[in-house]
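*Asks:*
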Amino acid sequence: MLAPTTRRRLGAALPLLVVWLLAAWPLVLYLVHTRDPVAAVELAQFAARWLTRLAVGAGLLLGLACLLYPPLPAWLRLVGHDTWRRLGTGEAPLRRALADLAHLETAQRRLEVARLAWHRGRAEDAAVHARRAIELDPQVASAWHLYGQALFAQNAIDGAAQSFAQAEQLDPGHAFGDALLLHGRCRFLLGEPSGLELLRQHERQHGGGARSHVWLAEALLRAGEREAAVAALRIAAQKPTRRTTAEEGLFRAQARVRLWRRGGGS
Amino acid sequence: MNESWRRVDEIPVTLVVVIAYVTLFVVCRPFDAPQEFRERLDTYGWLTGEQTAAGEPWRLLSYAVLHGNVLHLLFNLSTLLSVGPALERSLGSVRFLLLYVVTAFGGGLGTCLLYAPGKPVVGGSGALFGMLGCAIALNMRSGRHLLAFLDYEGPRRLMANVALNLAIGYFLPFISNTCHVGGLIAGFALTFLWLAPGRPSTRQWAWRLATTALLASLTFAALLPVTRRDWLDRAREAESDPARKAALERAKLLSD
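Here the protein sequences line up with chains A and B, keeping their order. Take the first sequence: its letter number 97 is residue 277 in my numbering, and every next letter is one higher. Take the second sequence: its letter number 48 is residue 716 in my numbering, and every next letter is one higher.
#1: May I ask you to list the residues that DSSP assigns as paired with B:L715?
#2: Does the beta carbon of B:A919 sit closer than 8 Å to a beta carbon anywhere in chain A?
#3: Please identify, using Cβ separations under 8 Å, the residues of the stretch 876-899 of chain B that lie next to chain A, in order along the chain.
#4: At a Cβ threshold of 8 Å, is B:L728 touching chain A?
#5: List the residues of chain B whose Cβ lies closer than 7 Å to the Cβ of A:D216, in chain order.
#6: Is it a yes or a no for the stretch 687-703 of chain B touching the stretch 427-437 of chain A, going by three-plus beta-carbon pairs under 8 Å?
#7: Spatial neighbours of A:A254 within its chain, please: C-beta separation below 6 Å, excluding the five flanking residues on both sides.
#8: Give me the subset of the stretch 257-278 of chain A whose CB atoms are less than 9 Å from a CB atom of chain B, sorted by chain position.
#9: Quick check on B:R824: buried or exposed, where buried means 16 or more other Cβ atoms within 10 Å of its Cβ?
#10: Output yes or no for whether 8 Å exceeds the beta carbon distance between A:P217 and B:A906.
#11: Got a sec? Which residues, its chain only, sit under 7 Å from B:N845 by beta carbon, not counting five neighbours each side?
#12: Anyone know if the C-beta pair for A:A323 and A:A303 falls short of 8 Å?
#13: Classify B:P910 as helix, strand or coil using the three-state DSSP reduction.
#14: Would DSSP call A:N335 helix, strand or coil?
#15: In whole angstroms, what is the alpha-carbon distance linking B:G713 and B:Y783?
#16: Between the stretch 210-239 of chain A and chain B, which residues of the former have CB atoms less than 9 Å from a CB of the latter, in chain order?
#17: Taking 8 Å as the CB-CB limit, is A:A192 close to chain B?
#18: Go ahead and label A:R189 buried or exposed: buried means 16 or more other beta carbons lie within 10 angstroms of its beta carbon, across all protein chains shown.
#19: Could you pull out every residue in the same chain whose Cβ sits closer than 7 Å to the Cβ of B:T879, ignoring the five residues on either side in sequence?
#20: Is the shortest distance between the beta-carbon of A:W324 and the beta-carbons of chain B less than 8 Å?
#21: Taking Cβ to Cβ, would you say A:L291 is nearer than 8 Å to A:V320?
#22: Using only the alpha-carbon positions, how far apart do A:G388 and A:R229 sit?
#23: Taking the straight line between their C-alpha atoms, what separation do you get for A:Q280 and A:E315?
#24: For B:G778, collect the residues of the same chain with a Cβ closer than 6 Å to its Cβ; drop the 5 residues on either side in sequence, then sort them by chain order.
#25: Please list the residues of the stretch 860-876 of chain B that have a C-beta atom closer than 8 Å to any C-beta atom in chain A, keeping them in chain order.
#26: Quick one: does A:L296 have its CB under 8 Å from some CB of chain B?
#27: Measuring CB to CB, does A:Q370 end up less than 8 Å from A:A341?
#28: Determine the chain B residues that contact A:A313 at a beta-carbon separation under 8 Å, and present them in chain order.
#29: CB-CB under 7 Å to B:H625, same chain, minus the five flanking residues each way: which ones, in chain order?
#30: Anyone know if the C-beta pair for A:S374 and A:E383 falls short of 8 Å?
#31: Taking the CB atoms as reference points, tell me whether B:L796 and B:L840 lie closer together than 8 Å.
#32: With H, G and I counted as helix, E and B as strand and the rest as coil, what does DSSP make of B:G850?
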């Protein structure tokens, strides 16, 4: 798995690389032509033929895979949603908010910068600003929550667990139980038995959706409670009564696949 | 009236283009016999991929001030007069001139590379599509974020207008849509990367460099289309070495 910074740099460099390859193509053809005109024509026809085949094949394969494997369309929706959110969160408000900090720095202002960075998909920057917001005022639960999310996105599970615990302690039920749920997930990933307890507590207090039930099912499976895990997966795979978020859709699709594998249906 | 004349001073390039459209249309004497009119359009610089590759690169620009009939001229004039003045005022005359030249060139490249090489193309529509691309890029650049302009009715209509015109161009066989698309992309890229206000970032400079290289490379491909039948045929005729001549002949037959 690539680090978020590397992924971002690769994402920015790939389209540029495509443009440079396109720019190089006529020169390559000309160089081949100077040596052998027939080879240049054959090369151009070969490239055109294979690009068409690749495009058509990839389209067909993607369509078929979407039909056969439900998490794929859900994942595509999630990627589209994330891209739209990143494009839809401008750089200008972030720069303005950062410039404003030079005049007056408060925890809320710093948290606003962290939030904007988070919505731009910059987990590292968000973590730095959220950390500073916590230093300025350690009583702001949403700063702890955001700091935890940013650490969680960077795979710093231990630090994230502590942050979510702090957010939950300051404001029980913070963000409609999201801090509790993520705290439970972190403890589960760390291999601690308290993870299952926290996830159960979350289900009792907040009910939860596809994501929380898939995570609960994973914790139950590890604890050897197979029946309860299948029941949790069934809840996660239930057809939603209203339009869900892209992330919830992905977890629901994953739950359906796991139920099929276990022969439970959905 | 005085106010209107004063405002006319602000759009010299638009006016020069309008005058060029009308003058060249009249000079070509469109009401003479069709064959004579076609010959004059050819003399004054209509665009075909074949002629451009045969050593007449000036056709990449000259086609953009010629028109094929009265309806064509009036349609392009009305578009130019509705889009041009606002853009010229917002960009400035020198930048607007640069926009017209680059987008006409981009449209010409689109025609040379992707349109039937022997079919002639005339009209300023490539450059006019470039202006629409420029308007889209300006809208994208001036909002709170790149897609903020889609929240407003005007820019949404602009996008619908572009889509509608491209659809019309796709379905009507006598319209060179490749020219429209070439102009649109050129206008968008030029404005987005070079003409829009603001200090360019390192990333923007990387894109500027890459797109300039792409433009140069596509121009090279339009002037030396080494895999196209007509160019190979001419190269074969000009070749004196028998072995090379035979290779060019084989390449020509293969390119059919």
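We put the beta carbon where it would ideally sit given N, CA and C, even for glycine.
*Replies:* According to the data block:
#1: The partner list for B:L715 (beta bridge, DSSP) reads B:V789.
#2: Contacts with chain A at 8 Å (Cβ-Cβ) include B:A919.
#3: Cβ contacts with chain A: A878, T879, A881, L882, A884, S885, L886, F888, A889, L892, V894 and T895.
#4: By this cut-off, B:L728 is not an interface position.
#5: Among the residues of chain B, those whose CB is under 7 Å from the CB of A:D216 are A915, following chain order.
#6: In short, these stretches do not touch, since the Cβ pair count stays below three.
#7: If we look at A:A254 and ignore the five residues flanking it on each side, its Cβ neighbours are G429, L430 and A433.
#8: Within the stretch 257-278 of chain A, those residues whose Cβ lies closer than 9 Å to any Cβ of chain B are, in chain order, W264, L267, G268, T269, G270, E271, A272 and P273.
#9: Residue environment for B:R824: exposed (fewer than 16 other C-beta atoms within 10 angstroms of its C-beta).
#10: Note that the C-beta distance between A:P217 and B:A906 is not below 8 Å.
#11: For B:N845, same chain residues with a beta-carbon under 7 Å away, outside a window of 5 residues either side, are L834, G837 and Y838 in chain order.
#12: With contacts defined as CB atoms closer than 8 Å, A:A323 and A:A303 fail to qualify as a contacting pair.
#13: Helix at B:P910.
#14: Coil at A:N335, not helix or strand.
#15: When only Cα atoms are considered, B:G713 and B:Y783 end up about 17 Å apart.
#16: Within the stretch 210-239 of chain A, the residues whose Cβ lies closer than 9 Å to some Cβ of chain B are Y210, V212, H213, T214, D216, P217, V218, A219, A220, V221, E222, L223, A224 and Q225, listed in chain order.
#17: For A:A192, the answer is yes, since a Cβ of chain B falls inside 8 Å of its Cβ.
#18: A:R189 comes out exposed.
#19: Excluding the 5 residues flanking it on each side, B:T879 has same chain C-beta neighbours closer than 7 Å at A857 and L861, in chain order.
#20: So no, A:W324 is outside the interface.
#21: Contact flag set, yes.
#22: A:G388 and A:R229: Cα-Cα distance of roughly 51 Å.
#23: Note on identity: in this sequence residue 280 of chain A is Asp, with Gln being the wrong assignment. Approximately 18 Å, taken between the alpha carbons.
#24: Excluding residues within five positions, the ones whose Cβ falls inside 6 Å are T846, C847, V849 and G850.
#25: Hits within the stretch, in order: R871, A874 and W875.
#26: So, not an interface residue.
#27: The residue you asked about is not Gln; residue 370 of chain A is Leu in the sequence shown. Yes, the pair counts as a contact, with Cβ atoms nearer than the cut-off.
#28: Residues of chain B passing the Cβ test: none, with the nearest at roughly 23 Å.
#29: This structure cannot settle anything about residue 625 of chain B, because the visible part of chain B is limited to 669 through 924.
#30: Their beta carbons are not under 8 Å apart, which means A:S374 does not touch A:E383 by this criterion.
#31: Their beta carbons are not under 8 Å apart, which means B:L796 does not touch B:L840 by this criterion.
#32: In the three-state reduction of the DSSP assignment, B:G850 falls in the helix class, which pools H, G and I.
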